Amino acid sequence: MKGMVSHAESVAGSVSNRRIIGKCNLCPKHKLPYILYSLNYAEPLCAECFEDYRGPQHEIQMLQNFAKIQVKQVKDDLDYIENSWRHIQEKLELRRNLNEKKAIQARQFFELTRKEMERIEREFWEKHNKEQEDEKEIVAKIVEQQKKLEEKH
Ligand SMILES: [Zn+2]
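Going letter by letter, the sequence shown gives residues 188 to 340 in our numbering.
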């Protein structure tokens, strides 16, 4: 057993990355790889730890399964965050669209008001010009009639 540990250490120590991973996966007390996870103590266990902790109330999970659950939990959390973020983005998008709509409506209102003002002004001047034309016509007729009267006398 002792020889195995020293061999594992020498192999793990040969590559720095592997050493870090190796150390993380090795129980520091027994220098054995973690294989189980104790739900009672909330820590990983090697085979020797499992023997030490063995008891009827001890809730154990295969480390792989525990890791899978943890990964799923993290994924679920990420999904939740992503969904929340999407929800916020959608709300912002909705508000942006609403603001754009309001801006368009305001522009349309002012455009209509401007057009209405222009129409009223145009109609006023059209009416005014027509009245002036009518007036000119009436004056011209009066002048003509006066001339005819003068010619008769
Ligand atoms: Zn151990």
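Where a beta carbon is used, it is the ideal one built from N, C-alpha and C, also for glycine.
Nothing here was measured: the structure is a model prediction, and the numbers come from that model.
- Under the three-state reduction of DSSP, residue 230 is assigned to strand.
- A distance below 6 Å between beta-carbons, with the five flanking residues on each side excluded, links residue 338 to no residue of its chain.
- Going by DSSP, residue 221 is part of no beta strand (DSSP E) at all; its letter is neither H nor E.
- Annotation for residue 251: no beta strand (DSSP E) segment contains it, though the alpha helix (DSSP H) segment containing it runs 250-339.
- Residue 223 places its beta carbon 8 Å or farther from that of residue 256.
- Here residue 231 is buried. Its C-beta has 16 or more other C-beta atoms within 10 Å.
- Taking C-beta atoms as the reference points, residue 265 and residue 221 fail to come closer than 8 Å.
- If you draw a straight line from the Cα of residue 325 to the Cα of residue 336, it comes to about 16 Å.
- Of the heavy atoms belonging to ligand 1, at least one sits nearer than 7 Å to the Cβ of residue 217.
- Non-local C-beta neighbours of residue 287 in its own chain, meaning closer than 7 Å and more than five positions away in sequence, are absent.
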